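Some notes on the structure that comes next.
Residue numbers (this note's numbering), protein chains in the order written: chain A, 22 to 159; chain B, 241 to 403.
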């Protein structure tokens, strides 16, 4: 992303997952090493833990949302990325992430952008809320 | 705030590929070591949330089946442990990453863990909430800082009510 191509207030939107599959929760468990049965084990969730079923790792939602951040900046240009998890994400959810350019500045001759990040589910409920900072290309 | 422990985390290309797929990112920069040429992302690089996969290398990580230890997930019964199910690790409330430079395959990272603040809050949907902050600083094989991860975990008094 180039400094000359963006402006404060501009927004970018991406559907980061459509109809989230249980298999993707299994893939994330295997790759991340977080094998909490809350994310893969329906029987455990319903009969031992008191949840209606498996739900996504917060870090999976952050990771999927992060694909918008890396689409914009390129992974190697991301300097900060942080979120709060505000609601659980369930199989079948479709998530849309929105990035809003909040600030463009220069530090030591390097252009930097700060963006606000919000991801909502198909019911318009916010599931993660955060921000990211990245280097812009010249 | 003293160092609690350190974990060595060798970053491998295949692991980065699996992680990128699992978050639904099929950018060739994550799985093709030759993608550097003509790719704006340059050589193979790890997604920003990848440092969390240090869990794979943490010998004490609680959310993985360990040899000879009871596992709280289901087998023949809903949970492999008796009594109150261990919602081990609790839920994740916040996560922040701050990079000095990107993580790339070939890096051998040293993760240094330290404990941050702890605080409590009452909530309508899950009773008393206990928040715990944990910091992990990642250094490379030359001792240079790569990334700081700040996580906030929350233990709930009861499962979160569904609205």
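Heads up, the beta-carbon is just placed ideally off N, CA and C, and yes, glycines get one too. The model shown is predicted, which means the values in this text are computed figures rather than measured ones.
Check your understanding: So residue 94 of chain A is in the alpha helix (DSSP H); what residue range does that whole segment cover?
Key -> 79–94
Check your understanding: Would you say residue 63 of chain A and residue 75 of chain A are within 8 Å of each other, going by their C-beta atoms?
Key -> yes
Review point. Going by other Cβ atoms of all chains shown within 10 Å of its Cβ, with 16 needed for buried, is residue 100 of chain A buried or exposed?
Key: buried
Review point. With a cut-off of 8 Å, does the C-beta of residue 375 of chain B fall near any C-beta of chain A?
Key: no
Check your understanding: Would you call the region 115–128 of chain A and the region 303–320 of chain B touching, i.e. three or more CB-CB distances under 8 Å?
Key -> no
Check your understanding: Can you tell me the Cα-Cα spacing of residue 293 of chain B and residue 30 of chain A, whole angstroms?
Key -> 34 Å
**Study point:** Assigned secondary structure, residue 402 of chain B (DSSP; H/G/I helix, E/B strand, else coil)
**Key:** coil
Point to revise | Where residue 287 of chain B sits in the DSSP three-state scheme | key: coil
Point to revise | Closer than 7 Å at the beta carbon, the chain B residues around residue 112 of chain A | key: Here the premise fails: no neighbours, minimum Cβ distance about 14 Å.
Review point. Is there a Cβ from chain B that is less than 8 Å from the Cβ of residue 91 of chain A?
Key: yes
Exercise for review: Give a yes or no on whether the minimum CB-CB distance between residue 365 of chain B and chain A is below 8 Å.
Suggested key: no
Review point. Residue range of the beta strand (DSSP E) that residue 255 of chain B falls in?
Key: It is not in any beta strand (DSSP E) - residue 255 of chain B instead sits in the alpha helix (DSSP H) that spans 253–262.
Point to revise | chain A contact for residue 303 of chain B (CB, 8 Å cutoff) | key: yes
Practice item. Assuming residue 102 of chain A and residue 337 of chain B form a contact by the criterion Cβ under 8 Å, report the distance between their Cβ atoms to the nearest whole angstrom. Key: 5 Å
Exercise for review: Tell me whether residue 361 of chain B is buried or exposed, calling it buried when 16 or more other Cβ atoms sit within 10 Å of its Cβ.
Suggested key: exposed
Review point. If you measure beta-carbon to beta-carbon, which residues of the region 245–262 of chain B are closer than 8 Å to chain A?
Key: 255, 258, 259, 261, 262
Exercise for review: Take residue 241 of chain B and list the residues in its own chain whose beta-carbon comes closer than 6 Å to its own, dropping the five residues that flank it on each side.
Suggested key: Reliability of the predicted coordinates at residue 241 of chain B is poor, the pLDDT of 46 falling under 50, and the value obtained from them is presented with this limitation in mind. Taken in chain order, the residues that qualify are 354.
Exercise for review: Could you check which residue in B:300, B:266, B:378, B:247 has the C-alpha nearest to that of residue 342 of chain B?
Suggested key: B:378
**Study point:** Residues from the region 33–44 of chain A in contact with chain B, defined by Cβ distance under 9 Å
**Key:** 37, 38
Point to revise | Below-8 Å beta-carbon distance, residue 289 of chain B vs any chain A residue | key: yes
Review point. Can you give the Cα-Cα distance for residue 49 of chain A and residue 132 of chain A, rounded to whole angstroms?
Key: 34 Å
Practice item. Put residue 322 of chain B into one of helix, strand or coil per three-state DSSP. Key: coil
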